[in-house]
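Asker: Residue numbering for the sequence shown follows the numbering used here, starting at 642 and increasing by one per position. For glycine and all other residues, C-beta sits at the position ideal for the given N, C-alpha and C.
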Amino acid sequence: MDSIFSVFGYFVNWDVRSLLLFTLVFILTADYLKNRRPNTYPPGPSAIPIVGNIFNVAYNKTHESMTQLAGRYGDVYSMRMGQTWVVVVNGFRVMREALVDQGDGLLDRPYLPLVQDTVVGLGVVFTCGKAWRQQRRFAVSTFKYFGFGKKSLEPVILDEFTYCAKGFKSFKGKPFNPQLITMNAISNIISSLVFGHRFEYGEEKLVKLMQLIGDGFEIEASIWAQLYNAFPLLMRRLPGPHQTVQHIWNNAKDFMRAEIKEHKQNWDPSDQRDYIDCYLNEIYKNKGQANNTFDEENLIMCVLDLFGAGSETTGGTMRWAFLYMAKYPEIQEKVQAEIDRVIGQSRQPSMEDRANLPYTDAVIHEIMRMSNILPLSLPRFTTRDIQLGGYTIPKGVTIIPNLTSVLFDKTEWETPDTFNPGHFLNKGGKFVKPAAFIPFSAGKRMCLGDNMAKMVLFLFFTSFMQHFTFSMPAGVKPEMDYRFGVTLAPCQYEICATSR
């Protein structure tokens, strides 16, 4: 009897093993047949079943990995992230073809579960179609009014610099970490535009908000984000850093919600003080209209989009600027000499000075190029079949614009890997901007705050060079390491700012 049961058990175990083996083979075969690289697709690295090419990229330096892959597979190549195909676009020639020539077919954003679980179809950065067009048009017109129209942002920027300079001077030339003061200053400029007021430096709720935004951007560019976007049903149930993203952005939205609530208590439709006032007025005017996308929940998300994107990019670029000036003291001296000659020490800089400061302007642009603050831009989504680099990319494919490959394109820049202000100067010493300079992306979905960012960077950098000389602490060499995220921020460092 025992022998009969043992034989029966053997066949049962064999059947279970066979079933498991069959299931595995079936899944792998189905995955291969379903996700084979289409004939019209550009080439790319071989994909692992189920996960695709998720592990082909080093997520602490994704932009470098993707640029290296372009050297192997060409300026247009494809990858499979989980069950989704993406096409990575590299080099200025193909980037212009994609974002400008074929731009109308790349106006949408892809559906990214980790992002959409937060924005739920709201805001201005990750929306599509009519909602995006309405929100962007409103934001651009409001920025134009407050930044370049009747209420110029220039005095706000210069006034904020005085607070920032006071903070720098308090260290009396001794080493300090400039991150908190710099981020406070940049955030206050955005706060003045959006909220109508500034915050005192070190104010706890603003410091917390900046930390939340920085942490959120870092997680959203990590491998955890890729796994979440590829397998959302599974990852929503598994522990990991991706689980903190909702908490981060909910806290950030609570900050915005409190500011909007305070605005509503003394809102006067006839007195447009800031972006929130204008938006509340837009809600009032469009109430009850069909296809209206203006409401308070959308306002919260739009404000978070503007605040987050502006503070991280501009604040990060300024911190790179301090490092580059400390690393290249001869360039810093030449900038200061030009500023002393044109502006002197008796007055503040103005945007009108820009035309007379070609070398300073060139240095600012080279800092922006080398700092590469938005290395992979933001993804696009094809709304129709498009032609890129000789390949047909069908409708419904995610496009990753690798801006790094453009800002360091060997065919466009004389010394792409070297800090060289000459990239932006002609033989006569006049400022010129090469077409390949696209740190804010290109086309209709390029950064909507690019003009404001350029104004802030010019006025702040010129003011800093007018009043301070930057150097590293004794015995310390500048380390140009970065913290990879949606933005490319410099790692923590200390610097000396000596009053001139």
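Give a yes or no on whether the minimum CB-CB distance between Leu998 and chain B is below 9 Å.
Answerer: Among the chains of the structure shown, chain B does not appear; only one protein chain is present.
Asker: Between the alpha carbons of Ile1008 and Gly712, how many angstroms are there, rounded?
Answerer: Using only the alpha carbons, I get a separation of about 25 Å.
Asker: Pop quiz: Met942 and Val760 are said to be a contact at Cβ under 8 Å. What is the actual Cβ separation, rounded to whole angstroms?
Answerer: Right, their Cβ atoms sit about 6 Å apart.
Asker: Would you list the residues sitting across from Phe1125 in a DSSP beta bridge?
Answerer: Answer by DSSP bridge pairing, in chain order: Leu1129.
Asker: Counting pairs of Cβ atoms below 8 Å between the segment 1084 to 1091 and the segment 735 to 745, do you hit three or more?
Answerer: Touching, yes.
Asker: Report yes if the CB atom of Val727 is closer than 9 Å to the CB atom of Thr1039, and no otherwise.
Answerer: Cβ distance < 9 Å, so Val727 and Thr1039 count as in contact.
Asker: Which runs of the beta strand (DSSP E) fall wholly inside the segment 721 to 759 and span at least 3 residues, in chain order?
Answerer: Listed in chain order, the complete beta strand (DSSP E) runs (minimum 3 residues) inside the segment 721 to 759 are 725 to 730.
Asker: Out of Arg988, Val983, Pro1020, Phe1078, point me to the one whose CA is closest to Ala862's CA.
Answerer: Closest by alpha carbon: Pro1020.
Asker: By DSSP's criteria, Pro1035 is part of a beta bridge. Which residues make up the other side?
Answerer: Answer by DSSP bridge pairing: none, since Pro1035 is not bridged.
Asker: Just to confirm the assignment: which complete alpha helix (DSSP H) runs, minimum length 4, are found wholly within the segment 779 to 814?
Answerer: Qualifying alpha helix (DSSP H) stretches, in chain order: 795 to 810.
Asker: Could you give the distance in angstroms between the alpha-carbon of Lys791 and the alpha-carbon of Ser911?
Answerer: Summary for Lys791: the model assigns pLDDT 47, below 50, so the residue's position carries little reliability, and this model does not support an answer.
Asker: List, from N- to C-terminal side, the alpha helix (DSSP H) runs of 4 residues or more that fit wholly inside the segment 997 to 1076.
Answerer: Those alpha helix (DSSP H) runs which fall completely within the segment 997 to 1076 and span 4+ residues are 999 to 1012, 1044 to 1048.
Asker: If you follow the beta strand (DSSP E) that Phe1111 is part of, which residue opens it and which one closes it?
Answerer: Per DSSP, Phe1111 belongs to the beta strand (DSSP E) from 1109 to 1112.
Asker: Do you know offhand how far Asp1058's Cα is from Phe1125's?
Answerer: Cα to Cα, Asp1058 sits roughly 19 Å from Phe1125.
Asker: Within 10 angstroms of its Cβ, does Phe604 collect 16 or more other Cβ (buried), or is it exposed?
Answerer: Examination of residue 604 is not possible in this model, given that the chain is present from 642 through 1141 alone.
Asker: Check this for me: beta carbons of Arg1010 and Leu1048, under 9 Å apart or not?
Answerer: Yes.
Asker: Taking Cβ to Cβ, would you say Ile917 is nearer than 9 Å to Phe836?
Answerer: Taking 9 Å as the Cβ cut-off, Ile917 and Phe836 qualify as a contacting pair.
Asker: So the candidates are Gln775, Leu794, Val1127; which of them puts its Cα closest to the Cα of Leu1044?
Answerer: If we check each option's Cα against that of Leu1044, Val1127 comes out closest.
Asker: With a 10 Å radius around its C-beta and 16 neighbouring C-beta atoms as the bar for buried, classify Cys1088 as buried or exposed.
Answerer: So Cys1088 counts as buried.
Asker: Within the continuous beta strand (DSSP E) that includes Thr768, where are the two ends?
Answerer: Note, Thr768: premise wrong, no beta strand (DSSP E); not H, not E.
Asker: In terms of alpha-carbon separation, which member of Glu1135, Gln913, Gln1107, Val692 lies closest to Ala806?
Answerer: Closest by alpha carbon: Gln1107.
Asker: For a quick check, are the C-beta atoms of Phe812 and Ala962 less than 9 Å apart?
Answerer: No, these two residues do not count as a Cβ contact at 9 Å.
Asker: Using DSSP bridges, identify the partner residues of Cys1137.
Answerer: Partner(s): Ser1112.
Asker: DSSP beta-bridge partners for Ile822?
Answerer: In DSSP, Ile822 forms no bridge with anything.
Asker: Which term fits Gly723, buried or exposed, when burial requires 16 or more other beta carbons within 10 angstroms of its beta carbon?
Answerer: Buried: at least 16 other Cβ atoms inside 10 Å.
Asker: Near Ile827, which residues of its chain fall below 6 Å by C-beta distance, leaving aside the five closest residues on each side in sequence?
Answerer: Only Ser952, Thr955, Gly956 meet the Cβ criterion.
Asker: Might you give, ordered along the chain, the residues of its own chain that have their beta carbon closer than 8 Å to the beta carbon of Phe858, omitting 5 neighbours on each side?
Answerer: Closer than 8 Å at the Cβ level, and outside the excluded window around Phe858, lie Gly949, Glu953, Gly1126, Val1127, Thr1128.
Asker: With DSSP run on the structure shown, which of helix, strand or coil describes Ile830?
Answerer: Helix.
Asker: Going straight from the alpha carbon of Ile860 to that of Asn694, what length do you get?
Answerer: Taking the straight line from one Cα to the other gives about 19 Å.
Asker: Looking at the structure shown, is Gly957 part of a helix, part of a strand, or coil, going by DSSP?
Answerer: Three-state result, Gly957: helix.
Asker: Return the chain-ordered list of same chain residues with a C-beta closer than 6 Å to the C-beta of Gln977, the five sequence neighbours on each side being excluded.
Answerer: Excluding positions up to five away in sequence, the list reads Met1106.
Asker: In this structure, how does DSSP classify Gly712 when only helix, strand and coil are distinguished?
Answerer: Residue state, collapsed to three classes: helix.
Asker: Around the C-beta of Thr803, are 16 or more other C-beta atoms found within 10 angstroms, so that it is buried, or is it exposed?
Answerer: The residue in question, Thr803, is exposed, as its Cβ has fewer than 16 Cβ neighbours within 10 Å.
Asker: Return the Cβ separation of Lys975 and Tyr1000 in integer angstroms, given the expectation that the two are a contact with Cβ distance under 8 Å.
Answerer: That pair is a contact at about 6 Å.
Asker: Relative to the alpha-carbon of Ile1014, which residue among Arg721, Asn697, Asn933, Lys702 has its alpha-carbon at the smallest distance?
Answerer: That would be Lys702, whose Cα lies nearest to the Cα of Ile1014.
Asker: What's the gap between the Cα of Lys1051 and the Cα of Val1073?
Answerer: The alpha-carbon atoms of Lys1051 and Val1073 are separated by roughly 18 Å.
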